[in-house]
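Asker: Quick note on numbering: the sequence shown equals residues 1 to 277 in the working numbering.
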Amino acid sequence: MDWTEVQVTVAEELEEAVANFFHEGGGGGVVLDRGPAGSVLTAYFPPKEAPLILARLEDYWRELAGLGYPARGQVATRQVAQEDWAEEWKKYYRPFSVGSTYICPSWLEPAPAPGQTLVRLDPGLAFGTGTHPTTQLCLRELAERCRDKTVLDLGSGSGILSIVAIKSGARQVTAVDNDELAVRVAAENARVNGCSFRQVQGDAFALYAQGDYDLAVANISYQAGVRLGEIQRQKKTTLIVSGFPLERLEEYTRQFGDRVVKTACQEGWVCLVLEAG
Ligand SMILES: C[S@@+](CC[C@H](N)C(=O)[O-])C[C@H]1O[C@@H](n2cnc3c(N)ncnc32)[C@H](O)[C@@H]1O
Numbered sequence: 001m002d003w004t005e006v007q008v009t010v011a012e013e014l015e016e017a018v019a020n021f022f023h024e025g026g027g028g029g030v031v032l033d034r035g036p037a038g039s040v041l042t043a044y045f046p047p048k049e050a051p052l053i054l055a056r057l058e059d060y061w062r063e064l065a066g067l068g069y070p071a072r073g074q075v076a077t078r079q080v081a082q083e084d085w086a087e088e089w090k091k092y093y094r095p096f097s098v099g100s101t102y103i104c105p106s107w108l109e110p111a112p113a114p115g116q117t118l119v120r121l122d123p124g125l126a127f128g129t130g131t132h133p134t135t136q137l138c139l140r141e142l143a144e145r146c147r148d149k150t151v152l153d154l155g156s157g158s159g160i161l162s163i164v165a166i167k168s169g170a171r172q173v174t175a176v177d178n179d180e181l182a183v184r185v186a187a188e189n190a191r192v193n194g195c196s197f198r199q200v201q202g203d204a205f206a207l208y209a210q211g212d213y214d215l216a217v218a219n220i221s222y223q224a225g226v227r228l229g230e231i232q233r234q235k236k237t238t239l240i241v242s243g244f245p246l247e248r249l250e251e252y253t254r255q256f257g258d259r260v261v262k263t264a265c266q267e268g269w270v271c272l273v274l275e276a277g
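1. What's the gap between the Cα of L121 and the Cα of Q172?
2. Could you tell me whether the region 103–111 touches the region 30–45, using the rule of 3 or more Cβ pairs below 8 Å?
3. Less than 8 Å between the C-beta atoms of G202 and A182, yes or no?
4. Assuming T117 contacts P123 (C-beta within less than 8 Å), just tell me the rounded distance between them.
5. CB I169 to CB R147, shorter than 8 Å?
6. In terms of alpha-carbon separation, which member of V176, S196 and R56 lies closest to I166?
7. Does the region 245–264 come close enough to the region 217–231 to have 3 or more Cβ pairs within less than 8 Å?
8. Who does F45 pair with in a DSSP beta bridge?
9. Do you know how far the Cα of A186 is from the Cα of L274?
10. Quickly, what does DSSP pair R191 with across the bridge? List them, please.
11. Quick one: residues in its chain with C-beta nearer than 6 Å to the C-beta of Y74, no 5 flanking neighbours on either side, listed in chain order?
12. For F244, does the three-state DSSP call read helix, strand or coil?
13. Where DSSP assigns a beta bridge to G38, which residues make up the other side?
14. Kindly indicate if chain B contains any beta-carbon less than 8 Å away from that of W89.
15. Measuring CA to CA, which of T174, N193 and H132 is closest to T150?
16. Whose CA, out of P110, V200 and T42, lies closest to the CA of E5?
17. Compute the minimum distance between the beta carbon of C146 and the heavy atoms of ligand 1, and state whether it is under 7 Å.
18. Can you check the region 109–167 for any alpha helix (DSSP H) of at least 4 residues that lies completely inside it and give the ranges in chain order?
19. Ignore the nearest five residues each way along the sequence and tell me which others in Y208's own chain have a CB closer than 7 Å to its CB.
20. Specify the secondary structure class of Q223 as computed by DSSP and reduced to three states.
21. Can you name the start and end residues of the alpha helix (DSSP H) that W61 belongs to?
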């Protein structure tokens, strides 16, 4: 099958919004490339679905304008043959380090420095390559805090944070994602890394509300962060929450500031650690 590549160039503050738009439209893995013209997000859709996505994108610009976000992005499309597409994004994905974690695409030979924790990853069409600032922020906080803890990875995507937790000494990890494909991808990444954790395909909010975990981590969205912050009020657990830009920090801390013990920022994105009150 061939694919329609949809490429959107936007201001950096709209990166997450457009990535979510693509994902909700069934675009699966979204490649992000920051250049002088702005943030370039690329996703692939079956050619029959592409016209609908483009029409929805028009509505989406209007919605964002109504919320006071800057002008619409530039949109470009092209047809890509299946065999090119499967390899295309891999060209841009290289090994990199986040703190003491070394992340290496699973098809490349890893060369971690002594003492680094190796994570081998093939995100496929799931979220979680490890290159996004919100993933990196969560990863650092998690690696620092998870030893001997029971951990809940809310919106686990490729499984990257669960794998880091296991390799950093977590006692037990549960990963939940509502996307079937993400759960399959995470299972394969767990296998490649020789890690074992419980995987659930389901709703992050329900699982968090019902379960008892020492530490939960969520890199989803602002709205998700608010819902999880509300649930955390009833719990005796630590919550690492990210997935939103710096502009929403004040609004978030107005609601949950009494429990925030740490705020970290990277490239305009935030991550907060909430402790039980
Ligand atoms: C931005 S990705 C984060 C992936 C990975 N944890 C990381 O930090 O890179 C968010 C993930 O949350 C999942 N998700 C969104 N809403 C969810 C919900 N209500 N319940 C479970 N998973 C959800 C999405 O399918 C996606 O895989």
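Built from N, CA and C at the ideal position, the CB exists for glycine as well. All values reported here derive from a predicted model rather than from experimental measurement.
Answerer: Straight from the coordinates:
1. About 20 Å.
2. Result no; under three Cβ-Cβ pairs closer than 8 Å.
3. No, these two residues do not count as a Cβ contact at 8 Å.
4. Not really, about 18 Å apart at Cβ, beyond 8 Å.
5. Note that residue 169 is Gly in the sequence shown, not Ile. It is a contact, given that the beta carbons lie within the stated cut-off.
6. The shortest C-alpha to C-alpha distance from I166 to any of V176, S196 and R56 is the one to S196.
7. Touching, per the Cβ criterion.
8. According to the DSSP secondary-structure assignment, F45 is paired through a beta bridge with T4.
9. The straight-line gap from Cα to Cα measures roughly 26 Å.
10. Under DSSP, no beta-bridge partner is assigned to R191.
11. Here the sequence assigns Gln to residue 74, which means Tyr is not the residue at that position. For Q74, where only same-chain residues beyond five positions count, the Cβ hits under 6 Å are T9.
12. Three-state result, F244: strand.
13. In DSSP, G38 forms a bridge with G35.
14. The structure shown contains no chain B; it holds only a single protein chain.
15. If we check each option's Cα against that of T150, T174 comes out closest.
16. Nearest to E5 by C-alpha distance, out of P110, V200 and T42, is T42.
17. Not under cutoff, so the answer is no.
18. The region 109–167 contains these whole alpha helix (DSSP H) runs: 133–145 and 160–167.
19. Answer for Y208: L152, L154, A216, L228 and I231, listed in chain order.
20. Correct three-state label for Q223: helix.
21. Unbroken alpha helix (DSSP H) run through W61: A50 to G66.
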